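As you go down the protein sequences, you meet chains R and S in turn.
Each residue of the first sequence is one higher than the one before, starting from 24 at the first, in our numbering.
Each residue of the second sequence is one higher than the one before, starting from 301 at the first, in our numbering.
Notes follow once the structure below has been shown.
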Amino acid sequence: MADAPISTSARRPKQGEGRKAKRLSPLVRFAPFWLPAFALYTLFIVWPLANAVAYSLFDWNGLRRGEFVGIDNFIRLFRDAPWNVDLWDAFRHNIWFFVLTMILQNSVALGFAVILSKLRYGGRFFQNLFFMPHLLATVLVGFLWSLILNPLFGPFNKALKLIGLDALAQPWLGQPETALPTIVVVNAWAWLGFPMMLFLANLGSIPASYLEAARLDGASAWQVFSRIELPLLRPSLVIVAVMTFIGNFNAFELVFVTAGSDGSPAGSTDVLGTYFYRTAFGTGPDAIQMGSTLAVVTFGFIVLVSTIFLRIARRGQVVYD
Amino acid sequence: MRFKFFVSLIAAFLVSTVAAQSLDMWSWRTEDIDAYNKILATYESSSGADINFEAFLNTEYNTLVATSLQANEAGDIVQTRSYGGVMPWIDGGYLVSLDGQPALGNYSAEALSAVASRETGSVYGVPFAIQVLTMFYNKDIFADLGLSEPSTWDEFMAINETLQANGYIPMALTGKDSWMLPIFHTVVGAGTYGGQDFVEDILDGTRTFEDIGFIESLETVKMLQPYLPPDVTGVSYADSQALFINELAGMFPGGSWEGAYFRAQNPDLNLGVFSVPARITDEAMASWFVDGAWAVSTSAENEAEALEFVNWLGSPEFGQAFTDELSQLSPIAGVTPSDPLLSDIVDLWNAKSTDYMLLVHFRYGSPSGTTIIGEDIQKLFLGDMTASEAAANLQAQMATWFTPSGN
């Protein structure tokens, strides 16, 4: 069955049928297949996006569109206080969020994946266990962790005090120095299973003969990992990096649940997502124009960086012969 | 016989549809549907109108109404926010002016300014509720410790000391949910900067936020930090409510909306309220703001009938029913709450009050005054900013969109 032709061209067209097929281009012939998806995508993704771009080019008076102002709103966002100050603060926090997540979440996920792939028993069990938090809604994760980390009633600080680590019993989400890293750790706790699964799948696709050959040549476990497995993990590493990047630059729910929309405490957790929320859904006559401008800038940046990432990745496609 | 019966049935139907026009009334108070239906029944029976009260999800209400207004499909009567929150609807020309309507006579000029155009001064809604910001206290704890409501700043500080010495957290406050911090500032500091006199000066440009009185009001906030929960910037709003409800804290600085929730959670809670006497002057005052209003949208098909109804929504009859059914404060003259706690709050408001300045006057642009001071007070608590730095920052940020009216 596997060798059965799937392409229609393999079958000799009958008289008449061929003429009809020639008249219709594939684009039209397959319309029932691509048209619904295309229509939905255009309606719910492309159209709002185009709208946001259009909105950002106008001056708005409350809900009513004013005159066309070109890129004035963008200039304002990048040049005028307090817009530029908040923008760069939020941007810096997003970068920090991304860097910390790459270090804390993805390296741990990689470590776990390598260990689990070598386990003879229980690998499946731990795999499911680590993936479990990923099934919880982000809002729920945020709520649970803010209860756990609560400085007054939370079990985390109580446990620390119980074992004599009073100095570590901090209001984790209530200090500018610790708030964002704490959110990163919570985020990593929830997401760890996902990159781990990708790494595991990738590790599973590396032919066992490569590893066997290396071991026969006397390579140590570390050499096998660093010289063979790691280079061959490149596809999943790139995917994970891109997904982490997109996820972190769109971060909103977890920050919103644990720290609110104004970057509490003292603006230390303000990311582009919360800044956008505050601008677009807050007070002030600029809500629509500046909200759209900020959305366009964020979207543009994410598209640009993701494209670069993927370009680099394509150069190093791995093919097993 | 049968023919006659049908004719009269059809006639009755036609008469009822012509006479009893139905009005759609849109609100974000999904939790109040039953109460509103009860209140509106009196109007329906006296006027013969059919009011269709519809409530939508609070968080989606603004977007929903905004799009409906633009498409000319909004309800005849819409619930609006106040001050900066309603301005896009007024400026967009989506609400019907109520100038000259008799119901406006039932309100103070301050209350009406919440739904008035900043350019023309025309009024576009009848306010339905006000919120008063004061200090709640636990009467039983106060009685146990022999404490009474303070009339001077020193007495207020002595109360804090006594509560603390007896193992209570003197004041339950969140430092994490920064929207509560400007409320705390106005509850303990409005008297220090001079209340309404200062508000007028700042609006006409005579004084700025860097005025010594305003800096002192922020110092007052910092001075009270020892009497707040430990690690206050890590304490959430819900935590602070829990501390007060579970009688672990003696006082709670907050708005009049809290009372109903506190008593629902702990019916044994014996609540009292007082206005905090100002540091330096000892003058006590409550802060207040208009919560929202009812307005006639330009989508209304029968404007005359909608106006008649909105006049009733601005009448003492509605105000009294509203305050009795929903335990909220009505700004309509002549309404007296039957609930003793609300009645105490109204007394404080009548005794001496000032605008909750940063919400009432500094939410017409972005960033809003409440956002900036909320963040600044967090920094004040964390020791990352001084009172005068916070005042200077507020002044600089407000100056990006606020222009004083001039003398």
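Just so it is clear, CB atoms sit at the ideal spot from N, CA and C, and this is done for glycine as well.
Treat the numbers as computed from the prediction; the structure is a model and nothing was measured.
Could you round the C-beta distance between residue i and residue j to whole angstroms and report it? I think they count as a contact, below 8 Å.
i	j	result
V573 of chain S	F681 of chain S	Between F681 of chain S and V573 of chain S the Cβ distance is about 25 Å, and since that is not below 8 Å, they are no contact.
D582 of chain S	Q431 of chain S	That belief does not hold up - the Cβ atoms of D582 of chain S and Q431 of chain S are roughly 25 Å apart, past 8 Å.
Y527 of chain S	Q464 of chain S	6 Å
H661 of chain S	L503 of chain S	6 Å
S587 of chain S	T486 of chain S	4 Å
P637 of chain S	L629 of chain S	7 Å
P529 of chain S	L167 of chain R	Not a contact, Cβ separation roughly 22 Å.
A289 of chain R	D684 of chain S	6 Å
A578 of chain S	G425 of chain S	About 33 Å; that fails the 8 Å criterion.
L571 of chain S	K439 of chain S	7 Å
Given that a residue counts as buried once 16 or more other Cβ atoms are within 10 Å of its Cβ, and exposed if not, what is residue i?
i	result
P178 of chain R	exposed
G489 of chain S	buried
E90 of chain R	exposed
Q128 of chain R	buried
S668 of chain S	buried
S705 of chain S	exposed
S32 of chain R	Since pLDDT at S32 of chain R reaches only 48, below the 50 mark, its modelled position is unreliable, and the value read off the structure follows with that caveat. Label assigned to S32 of chain R: exposed.
Q246 of chain R	exposed
K679 of chain S	buried
L327 of chain R	exposed
V318 of chain S	With a pLDDT of only 46 at V318 of chain S, under 50, the local geometry of the prediction cannot be trusted, and the value read off the model is given with reservation. Counting Cβ neighbours within 10 Å, V318 of chain S comes out exposed, since fewer than 16 surround it.
Q541 of chain S	buried
A699 of chain S	exposed
N346 of chain R	Outside the shown range of chain R, which is 24 to 344, sits residue 346 of chain R, and nothing can be said about it.
L333 of chain R	exposed
M301 of chain S	Because M301 of chain S carries a pLDDT of 48, less than 50, the predicted location of this residue cannot be relied on, and the following value inherits that uncertainty. With fewer than 16 Cβ atoms within 10 Å of its Cβ, M301 of chain S is classed as exposed.
A691 of chain S	buried
A244 of chain R	exposed
A651 of chain S	exposed
Y437 of chain S	buried
L613 of chain S	buried
Q565 of chain S	exposed
P55 of chain R	exposed
What does residue i pair with, by DSSP beta-bridge criteria?
i	result
S638 of chain S	Answer by DSSP bridge pairing: none, since S638 of chain S is not bridged.
V573 of chain S	S:F436
M325 of chain S	S:F353, S:I377
W594 of chain S	S:Q379, S:V426
N84 of chain R	R:R87
A416 of chain S	S:V423
Q431 of chain S	S:F589
S653 of chain S	S:A586
M471 of chain S	S:M551
Could you list which residues in chain S have their beta carbon closer than 8 Å to that of residue i, in chain order?
i	result
D82 of chain R	Ordered by position in chain S, no residue passes the 8 Å Cβ test against D82 of chain R, which lies about 13 Å from the chain.
A182 of chain R	Ordered by position in chain S, no residue passes the 8 Å Cβ test against A182 of chain R, which lies about 16 Å from the chain.
T302 of chain R	S666
P194 of chain R	D531, T533, G534, V535
V285 of chain R	For the sequence presented, residue 285 of chain R should be read as Asp rather than Val. The contacting residues are S478, W479, T671, G674, E675.
S169 of chain R	S536
Report the neighbours of residue i on chain S: residues whose CB is nearer than 7 Å to its CB, in chain order.
i	result
T161 of chain R	Neighbours of T161 of chain R on chain S: none; closest Cβ ~17 Å, over 7 Å.
G290 of chain R	E675
Q312 of chain R	The contacting residues do not exist; Q312 of chain R stays about 11 Å from chain S at best.
N173 of chain R	D539
D309 of chain R	S666
S79 of chain R	In chain order: nothing, as chain S lies at least about 15 Å away.
Give me the chain R residues within the contact set of residue i, using Cβ-Cβ distance strictly less than 9 Å, ordered along the chain.
i	result
T380 of chain S	Correct list: empty, because the minimum Cβ distance to chain R is about 13 Å.
P482 of chain S	What P482 of chain S touches in chain R: nothing, since even the nearest Cβ is about 12 Å away.
T248 of chain S	Beyond the ends of chain S as shown, which are 301 and 707, falls residue 248 of chain S; an answer cannot be given.
K679 of chain S	P199, P288, A289, G290
D391 of chain S	N84, G85, L86, R87, P308
So which residues of chain S does residue i contact, with C-beta pairs closer than 9 Å?
i	result
G134 of chain R	Simply none; closest approach about 31 Å.
A104 of chain R	A696, Q697, T700
Mind listing the chain R neighbours of residue i? Cutoff is C-beta to C-beta under 8 Å, in chain order.
i	result
Q370 of chain S	L86
L682 of chain S	Q198, P199, P288, A289
Can you name the residues of chain R whose CB is closer than 7 Å to the CB of residue i?
i	result
P529 of chain S	L175
G592 of chain S	Neighbours of G592 of chain S on chain R: none; closest Cβ ~14 Å, over 7 Å.
Pairs of beta-carbons, one from the stretch 286 to 301 of chain R and one from the stretch 256 to 275 of chain R, closer than 8 Å: are there three or more?
yes
Assess contact between the stretch 605 to 618 of chain S and the stretch 442 to 451 of chain S, defined as three or more Cβ pairs (one per stretch) separated by less than 8 Å. Is contact present?
no
Taking three-plus beta-carbon pairs below 8 Å as touching, is the stretch 381 to 400 of chain S in contact with the stretch 71 to 91 of chain R?
yes
Okay, do the stretch 209 to 218 of chain R and the stretch 124 to 138 of chain R touch, 3+ Cβ pairs below 8 Å being the bar?
yes
With a cut-off of 8 Å, do at least 3 Cβ pairs link the stretch 631 to 646 of chain S to the stretch 393 to 409 of chain S?
yes
Taking 8 Å as the threshold, find out whether the stretch 219 to 231 of chain R comes into contact with the stretch 553 to 568 of chain S through three or more Cβ pairs.
No, the stretch 219 to 231 of chain R is not in contact with the stretch 553 to 568 of chain S.
May I ask you to verify whether the stretch 133 to 150 of chain R touches the stretch 226 to 236 of chain R, counting CB pairs closer than 8 Å and requiring at least 3?
yes
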